[in-house]
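All remarks here apply to the structure that follows.
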Amino acid sequence: MKYQKIYKKSIEHPEVFWKEQSDQLEWFKKPSTILSKDKNDYDQWFEDGETNLSYLCIDKHIKDGFGEQVAIIYDSPVTNTIQKITFNELHSEVAKLAGGLKSLGLEKGDTIIIYMPMIPQAAYAMLACARIGVIHSVVFGGFAPHELAIRIDDCKPKAIITACSGIEIEKIIPYKPYVDEAIDLAVNKPNHVIVFDRHLKAEIPKKDYDIDYKSFVNQAKEVEAIHLESTHPSYVLYTSGTTGTPKGIIRDTGGYATALKFSMNYVYGVNPGEVFWAASDVGWVVGHSFIVYGPLLNRNTTILFEGKPIRTPDASTFWRVISEHRVSAMFTAPTAIRAIKKEDPLGLFIKRYDLSCLKYQFLAGERCDAATLQWTQDQLKIPVIDHWWQTESGWPMISNMVGVALEVVKPGSATLPVCGYDIQILTEDGEQAPSSTEGYVAIKLPLPPGTLTNLWGNPERFKKGYLERFPGYYFSGDGGYKDEDGYVFITGRVDDIINVAGHRLSTAEMEEIVSSHQSVAECAVFGVHCELKGQKPLGLVVLKAEVSQSDETIQKEIIKDVRREIGAVASFRDVLIVQRLPKTRSGKILRKLLRHIADDLKYNIPSTIDDPEIINEIASVYKTNQIGIHKN
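Going by full-length UniProt numbering, the first residue of the sequence shown is number 1, and it counts up by one from there.
This is the structure in structure tokens:
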């Protein structure tokens with residue numbers, strides 16, 4: 001009943017509800033207009049309020065007497081480093097970096113790209129930008145130069161902040177050559193590249209636009225956080241689009257701060273002063289919301305982890321971090337748990353550590369299967385919370401709100417809608433779908449604070465992609481259903497975006513690369529089930545006539561092409577050569593059918609198919625190559 005009461009208030013009286021939540025923040029100018037419309041007739045929050053994320057995350061806590069509390073614990077098993085950074089130390093680093101950026105002529109409304117590994121300087125860069133109203137766009141460290149160039153041309157940064165390299169398991173990934181190549185490829189050239197040298201013996205090519213990070217910060221003067229409108233963009237974060245062109249999600253300032261403060265307390269159930277760990281990356285929305293801004297805003301100590309769930313050094317590393325740093329709540333992807341389970345199925349490593357500090361284990365990033373949820377619960381013996389949200393939402397949309405009341409867990413469901421999200425399941429015609437009937441997952445407008453406000457430089461795409469399909473609703477792009485208790489079950493994407501270990505990747509973009517191979521006549525790339533990563537891409541290729549290369553050579557070259565253009569995050573390793581692809585009579589390739597055959601799901605052969613016999617041929621190729629388990 002406690003959940004129902006607070007949720008009902010958030011839906012029926014959103015302005016009253018979110019004003020109360022905004023009152024939990026310190027504002028330079030308290031908002032009097034709570035909900036209004038922007039020039040595109042889209043909802044915006046706290047229009048006349050003024051605040052600053054960097055101030056809320058750092059200065060406020062120092063003013064309140066918590067300057068010596070540890071703000072960030074940097075734990076890097078790949079470099080054997082643990083560093084604890086207080087709010088006072090964080091203030092010094094961030095304020096000086098912000099001063100340095102101002103000395104380069106960067107001003108409120110300018111953009112910067114941050115291309116960094118999981119090191120404290122990545123968080124410093126984000127908070128320094130927020131301090132002076134510069135809009136940052138974090139690009140996942142190690143992304144291929146081609147992808148980085150696309151983002152440079154879209155957001156037109158005046159500077160890039162990067163590091164010499166990232167580090168994987170016993171492998172150095174040189175970032176600076178990637179940045180230089182991306183700048184060569186880009187039409188819009190940034191004026192400066194600020195390079196942090198980690199002294200890991202990585203190649204650091206010198207360019208005229210280079211600035212050494214350490215000397216730059218040491219010489220800079222500290223600056224204060226400026227007053228920003230609540231509606232001022234805090235950052236642009238790119239997510240894959242179905243056209244293969246990334247979408248720059250814009251996040252505001254005041255609404256975002258309000259939503260994060262609310263979610264830390266009510267969704268994640270952590271109190272100020274406790275330790276919170278999101279085992280993610282700052283290149284993802286999770287890193288923005290729940291490594292950097294959310295925990296620091298709530299005066300939590302946040303863990304910045306540079307490593308993997310396994311092989312750094314083994315499957316015990318998560319439990320070691322939780323025990324050593326006394327983590328209260330932890331957030332990771334089901335992929336990570338599956339990797340740990342594979343290495344340590346009996347949970348023997350878990351038993352070595354005192355995990356009595358851990359109250360909740362949160363899972364998100366892709367759909368959590370019942371087996372993974374059950375194994376985690378059995379091993380940790382605490383509530384394991386599967387929850388669902390998107391880059392676009394910026395914070396959870398469906399969750400067991402443990403800070404309100406712990407609801408019954410139903411495996412396969414992320415539980416109930418979070419306050420502010422009026423989640424509906426709609427039919428093709430926009431009508432309410434009956435209980436337990438799958439449909440389109442949509443959220444009735446207005447969306448709560450902290451969600452996307454637009455797409456960078458492309459308001460028409462924003463409207464077409466999210467608002468036009470079902471007028472009066474935000475369309476999530478996912479399918480799902482509600483059961484008789486109101487629990488929401490998300491069944492997956494309804495477009496061709498696949499989710500590989502938390503990375504949302506466009507199969508359309510992969511198809512473009514595969515089809516560009518000289519031997520390929522046509523192709524289809526789609527996501528299939530993967531026990532470890534949730535999904536992985538599978539490519540089916542029809543070759544041109546009289547190809548001189550061997551099948552094996554072609555397959556290797558295609559995999560190499562995708563890896564070069566998109567990066568290793570695509571996990572593109574499976575290419576099958578087939579004689580033809582199933583199509584409708586109008587020529588549309590039946591990708592959903594191909595996916596269902598691979599995943600051994602029930603499927604109907606559509607009446608529009610031009611040749612039904614092709615289905616048996618495809619199933620035979622899958623079986624020969626051990627794709628899925630087939631019963632035909």
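Glycine included, every Cβ here is placed at the ideal spot set by N, Cα and C.
Span separating the alpha-carbon of residue i from that of residue j
i	j	result
Glu343	Thr335	13 Å
Leu601	Gln535	15 Å
Ile566	Ile152	15 Å
Arg131	Leu53	7 Å
Ile11	Leu185	47 Å
Arg352	Lys341	15 Å
Val621	Arg591	16 Å
His630	Tyr466	Low local confidence applies: a pLDDT of 41 at His630 is under 50, so the model's placement there is unreliable, with the coordinate-based value given in what follows. C-alpha separation (whole angstroms): 37 Å.
His288	Asp208	31 Å
Lys623	Thr553	21 Å
Gln424	Asp483	12 Å
Asp561	Ser515	11 Å
Leu346	Glu224	52 Å
Pro39	Val179	Correcting the residue type first, residue 39 is Lys in the shown sequence and not Pro. Their backbone Cα atoms lie some 36 Å apart in a straight line.
Ala98	Asn271	29 Å
Val282	Asn458	24 Å
Lys96	Leu127	11 Å
Ser356	Ser323	8 Å
Lys29	Leu416	34 Å
residue 644	Glu613	The first residue shown for the chain is 1 and the last is 632, placing residue 644 beyond what the model contains.
Thr391	Trp284	8 Å
Phe362	Ala257	21 Å
Asn616	Pro537	21 Å
One or two residues paired with residue i in a DSSP bridge
i	result
Trp45	Leu35
Met330	Trp277 and Gln361
His529	Gln535
Trp388	Ile398
Thr81	Ser76
Tyr473	Lys444
residue 667	This structure cannot speak to residue 667, because the chain is shown only from 1 to 632.
Gly479	Tyr440 and Gly492
Val408	DSSP lists no partner for Val408.
Lys171	Glu168
Ala524	Leu540
Val562	Per DSSP, none; premise fails for Val562.
Ile160	Ile113 and Val193
Val595	Note on identity: in this sequence residue 595 is Arg, with Val being the wrong assignment. DSSP, once it has assigned bridges, lists no residue as partnering Arg595.
Thr51	Leu228
Proximal residues to residue i (C-beta, below 7 Å), its chain only, five neighbours per side dropped
i	result
Gln377	Val384
Ile490	Arg367, Trp388, Ala414, Val441, Asp478 and Gly480
Lys359	Gly269, Ser328, Ala329 and Ile382
Lys5	none
Tyr421	Met397, Ile443 and Pro448
Leu200	Cys164, Ser165, Ile167 and Ile172
Glu147	Ile566 and Gly567
Leu540	Cys523, Ala524, Leu576, Val578, Leu581 and Leu594
His91	Ile58, Asp59 and Ile62
Trp456	Asp154, Cys155, Val236, Gly248 and Ile250
Val94	Ser54, Ile58, Tyr124, Leu127, Ala128 and Arg131
Beta-carbon separation (whole angstroms), residue i vs residue j, contact threshold 8 Å
i	j	result
Met510	Ala570	7 Å
Glu181	Pro145	4 Å
Phe318	Ala279	7 Å
Ile350	Gln379	5 Å
Trp27	Glu50	6 Å
Gly255	Gly450	5 Å
Ala71	Thr86	6 Å
Tyr124	Gly141	Not really, about 15 Å apart at Cβ, beyond 8 Å.
Ile627	Ala598	5 Å
Pro174	Glu203	5 Å
Phe331	Phe290	6 Å
Own chain, CB closer than 6 Å to residue i, minus 5 neighbours either side, in chain order
i	result
Asn632	Summary for Asn632: the model assigns pLDDT 35, below 50, so the residue's position carries little reliability; its value from the coordinates is reported in the next sentence. Ala619.
Asn499	Glu366, Gly534 and Gln535
Phe143	Gly567
Glu407	Asn400 and Thr415
Beta-carbon proximity list for residue i, same chain, < 8 Å, skipping 5 on both sides
i	result
Lys446	Sequence check: residue 446 is Pro here, not Lys. Closer than 8 Å at Cβ, skipping near neighbours: Pro14, Leu35 and Asp43.
Item to check | In chain order, each beta strand (DSSP E) run of at least 3 residues that lies wholly inside the region 412-467 | outcome: 422-426 and 439-444
Item to check | Entirely enclosed beta strand (DSSP E) segments - the region 85-147, minimum 3 residues | outcome: 111-115 and 135-138
Next on the checklist: For a minimum of 4 consecutive residues, which ranges assigned as the alpha helix (DSSP H) are wholly contained in the region 181-218?
Outcome noted: none
Checklist entry - What runs of the alpha helix (DSSP H), each 4 residues or longer, lie entirely inside the region 279-331? => result 294-297 and 317-325
Checklist entry - What are the start and end residues of each continuous beta strand (DSSP E) run of 3 or more residues lying completely inside the region 221-250, in chain order? => result 235-239
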